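146 is the number of the first residue of the sequence shown in the working numbering; add one for each residue after it.
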Amino acid sequence: MPRKDNTIRRNTLLNSSNARNTSKTAKPRGKKKIKKLSFLKNEKYQIAVGVFLVLLSVYLFFAFTSYLINYFTGGVGADDLAANESFRQIMFNQEIEVNNWGGRLGAFMAWQLIKSGFGFASYIFVFLMFAAGIQLSLKTAIIPFWRTFRYLLIFLVWFSTTLGFLFKDSELSVLAGIFGTYTATWLTGFMGKVGTGIFLLFFIIIYLLFTTNLKLNSLIPKRKEKDLIEGEDDWRNQQHNYPKEDKYNTVEFAVDDNGNAAWDISPEETAKKGSQNNNTKAASEVNAPDQEKEIELTIETASTIGQMPDNGEENGQEHYTIDTPFDPTLDLASYRHPTLDLLDDYSDEGSKVQKEELEANKNRIVQTLGNYAIQIEKIRATIGPAVTLYEIVPAPGIRISRIKNLEDDIALSLSAMGIRIIAPIPGKGTIGIEVPNQNPEIVSMKSILSSDRFSSTKYELPFGMGKTISNESFVADLTRMPHILMAGATGQGKSVGLNAIIASLLYKKHPAQVKFVMIDPKKVELSLFSKIERHFLAKLPDSEEAIITETRKVVRTLNSLNMEMDSRYDLLKDAQVRNIKEYNAKFISRRLNPNEGHRFLPYIVVIIDEFADLIMTAGKEIEIPLTRMAQLARAIGIHLVIATQRPSVNIITGSIKANFPARFAFRVISKIDSRTILDSSGAEQLIGRGDMLLSTGSDMLRLQCAFIDTHEIDRITDYIGSQRGYPDAFHLPEYYDEESEASENFDPNERDELFEDAARLIVAHQQGSTSLIQRKMKLGYNRAGRIIDQLEQAGIVGPFEGSKAREVKVSGEMALEQFLKDLYSKG
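Have a look at this one:
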C-alpha cells in the first residue's frame, strides 16, 4: 500500500509539473515543433539515424527468427511466457528466462509484432527499416522508399489475412498473428469460405495490376525467341538505316537510262521519263519560269512487317561476352518505332502559286519602287510553302535604307499582310522582300519525317520543325541549340511546334536513349503523352502522374532535375570526360564499372508549356532552378524547351534570354514583344498559322512550322503505349521540400481569423514583420505575434532574423491565392 501511494503521489507531481511547463510554453509550440525536426537536416544526424535503423533491423530479424524457431520446436516456449509479463518486468526482472537470441527485449518485441500483431508479415517492417537506414546513411536509395512503403503496408494487411484464412484453427496460425486470424475469422463469417477466398484472390490481382507491369494477356503464351530476335533486328535496321535487298524492304527512286540518280536529272527530263518508269516516286509541279525544284527521294519501308533475321541468328540466340559493347536498348529489344502511316499527308492541299501571281507581284514591286525613283537591275522569286521571297538587286547608288522605309507602301500596293523586308540578305548581295502566298501550303509532319535530311541525319537529338522559304526541310540538333525558347500570341502555333519537336524525337530515338519531363499548367495540351509514361516519361518517385500540372510539384521537379544534374556532373568527373556523349561512349565500351555507381545516361528533355503562368504563381522558385539548368545542364544531356504566350520582360527575364540562344517566335501583337523574344522586330509582321522566325544569335530564318494534328499524336502514343514498356516511368531523384514540410505541420483549422488578411498585407508590402501587422490591422502585439508565427508555419514568411524583417517567400497576390488554395487542400 505505501508503495502504491508513493506511485500515485509521484504521478500527480509529474502531471502538475507538465501542466505548468505546458502553460509556460503554449505560445511558441508550433515554432518549437519545427526546430525539433530541423536537426534531421544535419547530415551527421541522418547518418547516425540510418546506422541505428540498419542495426535495429538486423536485431529484429534475429529476434523474430529465434521466436519462430522456439515456437515450433518447443511448444509455447519460454519466449511467450516472458512476453506475457509487463515491459517493466521484462527490463528489470532478472529471474525471467528466455531462449530468444535477442534476449528478453527481443522476445517481448517478437511476441508483440508476430503473435499479437501481423505474424510472419511483420518481417516487412524489418525490410522497410533496413531500406530507410541504408538511404539515410549511405545516401543511396535501394528502392523508391515512400512508394514502396505504401504498397508494402497494403500487402502486409493482405498477407496476414491470407495466412489467417489458410491456417485458421491450426498450429500454424501464429504465422498470421492475431490481426490476420481475427480479420480472416470476420471475413469468413461475413462472406463464407468461398467468398473470402474469391475476395483475397481479387485483391491480390488488383494489387499486382497497380504495382507491377502485370497484364492479363501475359498469361497467354508469347511469341518464340525467334520473333524477339526479329524485332531487335528490325530496330537496329531502322536505327542505322541498313538497306536490305529482299521483299520486305524496298528502296524506290527515279533513274535515267544511263543509271544516273534522280538528283542528277533536271525537272523537265524527270517529267518526260516519269511515264516510262513505274517505280519513279518523284513528282514536281513547275509553278514559275526558271524556278529550281528539289527532287526528293521517297523511301518506303515495310516497318509493319517483321524483318528477316540475319543468317547468323537463325540457328540460335545471340551470345554476349564481357567484350561485347553494352546495348542500353536490350531491355526493350522488341520496341518498334512509330511508322509514317500514322501521320496524315496534306500534299493534295499544296501551294498553287501561278505564274500570273508571280508576275503581278513583281510588277507591283517594281512600280512602287519606281514611284520613288528607285531603279532595279534584277529581280528573282523563290517560292516557299507560305511565303515567296523576291530578291532584288538595286541599281548602283541606291541606298538600302530608302527601300527599307517603303515597307508599308509595298504592303499597300500588294494588298497583303505580313510583308517583311530583309536588307540586305546575309551572305548575298541582294535585298529580300517576303510576300505571303494567296494559297499557303500546309506543311505536313509526314513530309518532314520522311525527308532524306531527317532519315539520314546523324544528330544526337534531331527534330524537324518545318520548311524554309526555299522549300527545304529544316532539321536541327537539340544538343547544339541547346535550349529553345518559343513564344507567340494565342493560336499562332506554339503547341503544334512543341508537338513537332516531341514527335520527331519519338520517331528517331529509343526509350532508353531519351526521357521527357512534361510540365503543363493548362492540363490539356500534353495530356495525350501520358500513354507513353512507361516508355519515355520521367517523374518524381512519389508522383502519381507523369504530366506535371500543379505549381508546387513543378518547383519540386525542377529542383530534382538540379540534383540529377549535379549527380551527373559527379559521374562525368569520376569518368574524366567532358560531356554526356563521351561518357556514354565510354560506358558502352565497358570502360566504366557499374558497381562504382556508373550507369547509362539518357538525354532528358524538359517541355514546359505556358511558362508565364508558372512565373506568375511561383516567381523566383521557378526562375532560379531553371536558370541554373540553362547555364549548366547542356554538357550532361538535360535540355529545356519552353513555350509562353506572354513574351513580356517580367516573364522572359534577362537571365533566361541569355541562356536560350535558340528562339522560335510565332506571330506576336507588337514590336515590343518581338524585340523581347528576338532582340529585333519582325515577329509582329508574320501571317500566323505556323509562320515563325528562328533566331540563333546573329542569323534569322523564316520557317513554316510543320502541322501535326491531335488525332495524329493520339495514334502515335497509342502505337507506342501498346508495346511492352518499363515497369514504371524514369524516376528522378527525391527532393526534400522544406516549405512543404512546414506547410504540412500547419493546421488550417487553428489559424487566426485574420490569417488571410495578414498574408495579403505581408505579400503586398513584401515585408514580413510583426509591427507591420500591428500598425495596419490595429492589433495587439500578442495576436500579431501569433499570426506571424502561423505565417511562418505555413511557409509564407521565413524565420526570425533579429532586427531584419522576415523574408517573404511568396512573390505576388496571384501566387498567394494559389499557395493558400494548395495549403487548404492539404489540410
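Where is the CB? At the ideal position from N, CA and C, for every residue including glycine. The structure displayed is predicted, hence computed values, not measured ones.
Residue i to residue j span [Cα, whole Å]
i, j, result
"L771", "A252", "54 Å"
"F809", "L630", "6 Å"
"I545", "G633", "30 Å"
"E680", "L703", "Checking the sequence, you will find His at residue 680 rather than Glu. Cα to Cα, H680 sits roughly 21 Å from L703."
"D472", "Y535", "51 Å"
"D687", "L606", "29 Å"
"I647", "V538", "41 Å"
"I351", "P289", "21 Å"
"T602", "P571", "26 Å"
"E741", "K573", "55 Å"
"I564", "I933", "58 Å"
"K684", "A657", "15 Å"
"L514", "A691", "57 Å"
"Y212", "K313", "20 Å"
"D863", "A505", "48 Å"
"T484", "S558", "47 Å"
"V786", "S600", "23 Å"
"Y871", "T474", "11 Å"
"K731", "R723", "12 Å"
"L258", "F206", "12 Å"
"F348", "V243", "39 Å"
"A788", "F811", "11 Å"
Whether residue i touches residue j by CB criterion (7 Å)
i, j, result
"G325", "G309", "yes"
"I664", "V641", "no"
"A531", "N582", "yes"
"V659", "L650", "yes"
"G835", "G609", "no"
"L746", "A720", "no"
"I733", "P944", "no"
"R791", "A757", "yes"
"T821", "I801", "no"
"T306", "T328", "yes"
"I521", "L673", "no"
"M626", "A807", "yes"
"A208", "G264", "no"
"L906", "A939", "no"
"I279", "I287", "yes"
Backbone secondary structure at residue i - three-state DSSP
i, result
"Q911", "coil"
"V794", "coil"
"L965", "helix"
"R834", "coil"
"Q520", "coil"
"R544", "coil"
"P473", "helix"
"K765", "helix"
"Q849", "strand"
"E504", "helix"
"F805", "coil"
"A810", "strand"
"T772", "helix"
"I593", "helix"
"L258", "helix"
"D687", "coil"
"T513", "helix"
"S825", "coil"
Limits of the unbroken alpha helix (DSSP H) element including residue i
i, result
"R565", "It is not in any alpha helix (DSSP H) - R565 instead sits in the beta strand (DSSP E) that spans R565 to I567."
"F206", "E188 to T218"
"H856", "T855 to G866"
Unbroken beta strand (DSSP E) run spanning residue i, endpoints
i, result
"Y535", "V532 to P539"
"M631", "I629 to A632"
"L785", "I783 to T789"
"E612", "Reading off the sequence shown, one finds Lys at residue 612, where the question assumed Glu. Taken as a continuous stretch (DSSP letters only), the beta strand (DSSP E) holding K612 covers P607 to T613."
"D622", "S618 to D622"
Near the ligand GDP: residue i beta-carbon under 6 Å from a heavy atom
i, result
"R931", "Questions concerning the ligand GDP fall outside what the structure shown contains, since it holds no ligand whatsoever."
Contact with chain C by residue i, beta-carbon distance below 7 Å
i, result
"P571", "Of the protein chains in this structure there is only one, and it is not chain C."
Q.
Threshold first: 3 residues or longer. Then list the beta strand (DSSP E) segments lying entirely within the segment 647-678, N to C.
A. Within the segment 647-678, complete beta strand (DSSP E) segments of at least 3 residues are found at 659-664, given in chain order.
Q: With a floor of 3 residues, list each beta strand (DSSP E) that falls wholly inside the segment 691-760, ordered by position along the chain.
A: Within the segment 691-760, the complete beta strand (DSSP E) runs of at least 3 residues are 748-753.
Q: Pick out the complete alpha helix (DSSP H) segments inside the segment 282-341, 4 residues or longer, and give them in chain order.
A: Counting whole runs of 4 or more residues, the segment 282-341 contains the alpha helix (DSSP H) stretches 290-311.
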